[in-house]
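S.K.: Reading the sequence shown from the start, the letters are residues -21 to -1, 1 to 266 in mature numbering (1 follows the signal peptide of the UniProt record, and there is no 0). A virtual CB, placed ideally from N, CA and C, is assigned to each residue, including glycine. Here's a structure for you.
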Amino acid sequence: MKRLATLLALVAVLSAAPASAWGDYAHRLTGRIADNELTPAARAELARLLAQNAQLGTPDCPIRSLADAASWPDCVRGLGDRYAYAAKWHYQNIPRCQPFDITSGCAGGNCLTVQLDRQIAVLADRQQSPRKRLEALGFVAHLVGDLHQPLHVSDSGDRGGNDVKVRYGYDPDAPLNLHRIWDRELTERALTAPPVVTPQAINAAQRMRWQQGSIADWVQASWALSSTMVYGKLPALAGACSTPPARPVVVEDGYYRANETLIRAQVERAGVRLGVVLNQALGQKPE
């Protein structure tokens, strides 16, 4: 009984810990999927870049693979103020209840879409230092993942769901919010449910379909899902556009079931599309 009590206490502490942007598992899986999508030219340039990992100067947060790169921006949050300037790059609060406007929620260019474009340019520029390009690789891999989590690109006056308290899972008193469970609890459950999502599970038809469109198109599609699925499947929030409910919203298992397939597909889309971005940025012949 004492061991059980200790285990339950540990689980409670872990569940209360701050969530990473679109949990580590989802980001690393996105990187693994993208790695399966690379052209020979892009793979060769990636290998050359990864071989210079020591120049990155973050030994506690190395980038030795695309999976590492995809989770690197969350890892370096623990390095003090060094990368504090990038805190707002992980999201963009585009109003959900107004017509889509990709320029909104982006004061001073400190938002996901603007910084993603800038980091792609740095990554593609072979005149940049290895450190700058490795940093850019991390941000590109991470932000392509983040934009596929609908609450990273939409807002209902609740900071992308961060202000919506929820009750979900085994502990009704755990300090959870809607954004957090989409980053972690719902997503990790969906990705590890049989059959587990793997890079090899994506078929040719899916790949061709998901490779289409621009980054702006992908952002708009993800933004739209916040209304139809994230909020739309919770009756207490379906019409919410400003003030979040005062009481925690109970998230039943049916909500997870309604979104399970979507969550899995979003991570798969992210991986395929990251492959598209990297093939363009890394696969070009140097001038």
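Secondary structure at residue 134, three-state DSSP: helix, strand or coil?
M.R.: Along the sequence shown, one-based indexing puts residue 134 at 155. Reduced to three states, the DSSP call for residue 134 is strand.
S.K.: Only counting runs of 4 or more residues, tell me where the alpha helix (DSSP H) segments fall wholly within the segment 149 to 182, in order along the chain.
M.R.: 157 to 162 and 164 to 171, all fully within the segment 149 to 182.
S.K.: Grouping DSSP H, G and I as helix and E and B as strand, with all else coil, what is residue 109?
M.R.: Indexing the sequence shown from 1 puts residue 109 at position 130. Residue 109: helix per DSSP, three-state reduction.
S.K.: Check this for me: beta carbons of residue 52 and residue 117, under 9 Å apart or not?
M.R.: In the sequence shown, residue 52 corresponds to position 73, counting from 1. In the sequence shown, residue 117 corresponds to position 138, counting from 1. Contact: yes.
S.K.: Quick one: what's got a C-beta closer than 6 Å to residue 208's C-beta in the same chain, skipping five residues either side?
M.R.: Stepping through the sequence shown from its first residue, residue 208 is reached at position 229. The answer, listed in chain order, is 238 and 241.
S.K.: Output the distance between the C-alpha atoms of residue 236 and residue 123, rounded to the nearest integer angstrom.
M.R.: Here residue 236 refers to the residue found at position 257 of the sequence shown. Here residue 123 refers to the residue found at position 144 of the sequence shown. Roughly 25 Å between the two C-alpha positions.
S.K.: Just to confirm the assignment, what range does the beta strand (DSSP E) spanning residue 145 have?
M.R.: As a first step, residue 145 must be located in the sequence shown, where it is residue number 166. Here the beta strand (DSSP E) through residue 145 covers 144 to 146.
S.K.: Rounded to the nearest angstrom, how far is the Cβ of residue 228 from that of residue 145, given a contact under 8 Å?
M.R.: Your numbering for residue 228 matches position 249 in the sequence shown. Your numbering for residue 145 matches position 166 in the sequence shown. With a Cβ gap of about 5 Å, residue 228 and residue 145 count as contacting.
S.K.: Just the Cα atoms here: how many angstroms apart are residue 101 and residue 107?
M.R.: Position 122 of the sequence shown, counted from the start, is the residue given in the question as residue 101. Position 128 of the sequence shown, counted from the start, is the residue given in the question as residue 107. Approximately 7 Å, taken between the alpha carbons.
S.K.: Comparing the CB of residue 3 with every heavy atom of the ligand ZN, is any distance shorter than 8 Å?
M.R.: In the structure shown, the ligand ZN is absent, as is every other ligand, since no ligand is present at all.
S.K.: Write down the C-beta distance between residue 139 and residue 158 rounded to the nearest angstrom, noting that I regard them as a contact closer than 8 Å.
M.R.: The residue given as residue 139 occupies position 160 in the sequence shown. The residue given as residue 158 occupies position 179 in the sequence shown. Contact holds; Cβ gap of about 5 Å.
S.K.: Which residues share a DSSP beta bridge with residue 74?
M.R.: As a working note, residue 74 is residue 95 in the sequence shown. 134, per the DSSP bridge assignment.
S.K.: Which partner residues does residue 229 have in the DSSP bridge list?
M.R.: Position 250 of the sequence shown holds residue 229. According to DSSP, which records beta bridges pairwise, residue 229 is partnered with 146.
S.K.: Quick one: grab the DSSP three-state call for residue -11.
M.R.: On the sequence shown, position 11 is the one that residue -11 refers to. For residue -11, the predicted model reports a pLDDT of 36, less than 50, meaning its position is unreliable; a value from the coordinates is still stated below. Residue state, collapsed to three classes: helix.
S.K.: Among residues of its own chain, excluding the 5 on either side of residue 21, which ones have a beta-carbon nearer than 7 Å to its beta-carbon?
M.R.: By one-based count along the sequence shown, residue 21 stands at place 42. Closer than 7 Å at the Cβ level, and outside the excluded window around residue 21, lie 257, 258, 261 and 262.
S.K.: Taking residue 109 as the reference, give the member of 32, 136 and 43 with the closest Cα.
M.R.: As a working mapping, residue 109 is identified with position 130 in the sequence shown. Looking at the Cα atoms, 32 is the closest of the given residues.
S.K.: So what's residue 219 in DSSP terms, helix, strand or just coil?
M.R.: Residue numbering aside, residue 219 sits at position 240 when the sequence shown is read from its first letter. Reduced to three states, the DSSP call for residue 219 is coil.
S.K.: Within a Cβ cutoff of 8 Å, which residues of the same chain sit near residue -8, ignoring the five residues on either side of it in sequence?
M.R.: Locating residue -8 in the sequence shown gives position 14, counting from the first residue. With a pLDDT of only 35 at residue -8, under the threshold of 50, the placement of this residue in the model should not be trusted, and no figure is reported.
S.K.: Between the alpha carbons of residue 167 and residue 5, how many angstroms are there, rounded?
M.R.: On the sequence shown, residue 167 is found 188 positions in, with the first residue counted as 1. On the sequence shown, residue 5 is found 26 positions in, with the first residue counted as 1. Cα to Cα, residue 167 sits roughly 7 Å from residue 5.
S.K.: Taking only the alpha-carbon atoms, compute the straight-line gap between residue 194 and residue 188 and give it to the nearest angstrom.
M.R.: In the sequence shown, the residue the question calls residue 194 occupies position 215. In the sequence shown, the residue the question calls residue 188 occupies position 209. Cα to Cα, residue 194 sits roughly 14 Å from residue 188.
S.K.: Please classify residue 25: does DSSP put it in a helix, a strand, or coil?
M.R.: As a first step, residue 25 is located in the sequence shown; it is residue number 46 there, counting from the start. Helix at residue 25.
S.K.: Kindly say whether residue 255, judged by its beta-carbon, lies nearer than 9 Å to any beta-carbon of chain B.
M.R.: Judged by its chain identifiers, the structure shown contains no chain B, having just a single protein chain.
S.K.: Helix or strand or just coil, what does DSSP make of residue 117?
M.R.: Taking the sequence shown and counting its residues from 1, the one referred to as residue 117 is at position 138. In this structure, residue 117 counts as helix in the three-state DSSP scheme.
S.K.: Is the segment 72 to 89 touching the segment 128 to 135 in the sense that three or more CB pairs, one from each, lie closer than 8 Å?
M.R.: The segment 128 to 135 is in contact with the segment 72 to 89.
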